[in-house]
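Notes to accompany the following structure.
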Amino acid sequence: MTAEAWPLWEVFVRASRGLSHVHVGSLHAPDEELAVRNARDLYTRRGEGVSIWVVRSDLITASDPDAKDAFFTAPEGKNFRHATYYTAAEGVKHL
Amino acid sequence: MTDTDHGLADADTDHGHVELSAVVLSEEFVSTDAPASPEVAEYAMWLGDDALILAQRLGGWITRAPELEEDVALANIALDLLGHARSLLRYAGSATGRTEDDLAYWRDETGFRSAHLFEQPNGDFAHTIVRQFAAAHYLHPLYERLRASTDPVLAGVAAKAVKEVDYHRDHADQWMLRLALGTDESRRRTLRAMEDVWPYVDELFSDDAAGGDDLFAALDGVAVRPSSLREPFEAEVAPVLTEAQLEPPTAFHAAGGGRLGRHSEYLAPLLAELQVLARQHPGASW
Chain D
1 MTAEAWPLWE
11 VFVRASRGLS
21 HVHVGSLHAP
31 DEELAVRNAR
41 DLYTRRGEGV
51 SIWVVRSDLI
61 TASDPDAKDA
71 FFTAPEGKNF
81 RHATYYTAAE
91 GVKHL
Chain A
96 MTDTDHGLAD
106 ADTDHGHVEL
116 SAVVLSEEFV
126 STDAPASPEV
136 AEYAMWLGDD
146 ALILAQRLGG
156 WITRAPELEE
166 DVALANIALD
176 LLGHARSLLR
186 YAGSATGRTE
196 DDLAYWRDET
206 GFRSAHLFEQ
216 PNGDFAHTIV
226 RQFAAAHYLH
236 PLYERLRAST
246 DPVLAGVAAK
256 AVKEVDYHRD
266 HADQWMLRLA
276 LGTDESRRRT
286 LRAMEDVWPY
296 VDELFSDDAA
306 GGDDLFAALD
316 GVAVRPSSLR
326 EPFEAEVAPV
336 LTEAQLEPPT
346 AFHAAGGGRL
356 GRHSEYLAPL
366 LAELQVLARQ
376 HPGASW
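Written out as structure tokens, the structure reads:
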């Protein structure tokens, strides 16, 4: 059975209209239609959501966990990257 | 407990936070104070026993399904059915002053009114799916029509059940297609399961079991005549069977008799397991 194990799927659930889909976990399913159904059974039985996305885990390209510094160094000393760094011009009243 | 009492309010909300104190058990039931008439009680027992026996059968897959996800899917379906059984048996018992537990745990085999389809063994996964396929496509048009019942409890149970059964039939349809059109092995097993299970479908549409004709004359507008469900059942299963390249076997129909309390050899062992705890420890609660 292990040789023919079902592929892994990542599940995203949208809690309500206007919100984004959020990753909630993963599951096994033989194909995409059953993946959506399994997700419904595993993740939305208690009113958690109104929409489900599934995607095969092996189709996701992830950032390299070892490339931490190059990708994710905290932007210390680069306050200009934040909007609050800039003062509003006097003429702009509703910013 | 209010949200300010603990720091988890936001995290809980993400997962559909439920205040345990707000879960009121009685709201799980559809019921009124008025007891059922003997005829309505008999009909409620047919439906309630079908649901109870099938729920118990499906429970047999827990920890044994082919994959964890399917384990959960079958258990969810079983729990839906158990919910229907509780409301229906509670109502059936109101005619004679018995509780749902009295009916579930303290009737013997001949007291059960379930049709033979529901007590058929789980077999392999294909047998279970073919049984689910037949059951869900029978229950869906049944509850769809029962929503218009003049009896408020039956109509209320049906309104809740029809949405759940709608999902059960989708689950069964999906698997029928995959098993029938999957591998040589899965198709061979599906054909075998159709031969074994389909003969029990006929009983579901019989009006005359248990003096049913008199019963349904008395229940005009309250109950759904079983014979009136054959056409919608066949209309629902036909496209799936065609797509799955399956022919319903017609050579043999099982004798039936479940509505009269006459059951196959499979029901007694099922009831023994269902009832043993309540009978060994009367009044136990858990």
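Chains D and A are the protein sequences, given in the same order. Quick note on this note's numbering: the first sequence kicks off at 1 and runs consecutively. Quick note on this note's numbering: the second sequence kicks off at 96 and runs consecutively. Think of the CB as a built atom: it goes at the ideal place given N, C-alpha and C, for glycine as much as any other residue. If you're wondering where the values come from, they're calculated on a predicted model, not measured in any experiment.
- By alpha-carbon distance to residue 177 of chain A, the top candidate from A/289, A/356, A/150 is A/150.
- Burial of residue 209 of chain A is indicated by the presence of at least 16 other C-beta atoms within 10 angstroms of its C-beta.
- The beta carbon of residue 167 of chain A falls within 8 Å of a beta carbon belonging to chain D, placing the residue at that interface.
- In terms of CA proximity to residue 341 of chain A, A/290 leads the group A/307, A/290, A/195, A/131.
- Taking the Cβ atoms as the reference, residue 351 of chain A lies roughly 6 Å from residue 301 of chain A, within the contact range of under 8 Å.
- Contact annotation: residue 348 of chain A and residue 279 of chain A have beta-carbon atoms that are not nearer than 8 Å.
- Taking all protein chains in view, the Cβ of residue 227 of chain A is crowded by 16 or more other Cβ atoms within 10 Å, so the residue is classified as buried.
- Between the beta-carbon of residue 147 of chain A and that of residue 199 of chain A there is about 6 Å, and that keeps the pair under the 8 Å contact cut.
- The Cβ of residue 273 of chain A sits closer than 8 Å to at least one Cβ of chain D.
- Contact between the region 10–18 of chain D and the region 47–60 of chain D is established, with three or more Cβ pairs separated by less than 8 Å.
- Close to chain A, meaning a Cβ-Cβ distance shorter than 9 Å, are the following residues of the region 6–33 of chain D: 6, 15, 22, 24, 27, 28, 29, 30, 31, 33.
- Under the DSSP assignment, residue 53 of chain D falls in the beta strand (DSSP E) whose first and last residues are 51–56.
- Taking a C-beta cut-off of 9 Å against chain A, none of the residues of the region 66–88 of chain D qualify.
- One alpha carbon belongs to residue 155 of chain A, the other to residue 270 of chain A, and they sit about 18 Å apart.
- Going by beta carbons, residue 188 of chain A and residue 197 of chain A fall inside the 8 Å limit.
- Of all residues in the region 134–168 of chain A, the ones placed with a Cβ closer than 9 Å to any Cβ belonging to chain D are 161, 162, 163, 164, 165, 167, 168, in chain order.
- Among the residues facing chain D, residue 179 of chain A is not included, as its CB has no counterpart in that chain under 8 Å away.
- Identification of chain A residues near residue 41 of chain D by a Cβ-Cβ cut-off of 8 Å yields 164, 167, 168, 171, ordered along the chain.
- Proximity of residue 232 of chain A to chain D, defined by a Cβ-Cβ separation below 8 Å, is not satisfied.
- Residues of the region 245–276 of chain A whose Cβ lies closer than 9 Å to any Cβ of chain D, in chain order: 262, 265, 266, 269, 270, 273.
- The shortest CA-to-CA distance from residue 162 of chain A to any of D/19, D/35, D/20 is the one to D/35.
- Spanning the alpha carbons of residue 145 of chain A and residue 215 of chain A requires a straight line of approximately 12 Å.
- Taking 4 residues as the minimum length, the alpha helix (DSSP H) runs contained wholly in the region 307–344 of chain A are 307–313, 325–338, in order along the chain.
- DSSP places residue 9 of chain D within a strand segment (E or B) once states are collapsed to three.
- The beta carbon of residue 45 of chain D sits closer than 8 Å to some beta carbon of chain A.
- Along the length of the region 19–52 of chain D, whole alpha helix (DSSP H) runs at least 4 residues long occupy 32–43, reported in chain order.
- The way I'd put it, the region 322–334 of chain A does touch the region 227–246 of chain A; three or more beta-carbon pairs between them come closer than 8 Å.
- Pairing residue 262 of chain A with residue 253 of chain A, the inter-Cα distance amounts to about 14 Å.
- Taking C-alpha positions only, residue 54 of chain D is separated from residue 29 of chain D by approximately 10 Å.
- Residue contact with chain A for residue 37 of chain D: present (Cβ-Cβ distance below 8 Å to some residue of chain A).
- If you compare the alpha carbons of A/273, A/243, A/125, A/363 with that of residue 339 of chain A, the shortest gap goes to A/273.
- Straight-line measurement puts the Cα of residue 230 of chain A at about 16 Å from the Cα of residue 170 of chain A.
- When A/375, A/202, A/277 are compared, the shortest CA-CA separation from residue 362 of chain A is found for A/202.
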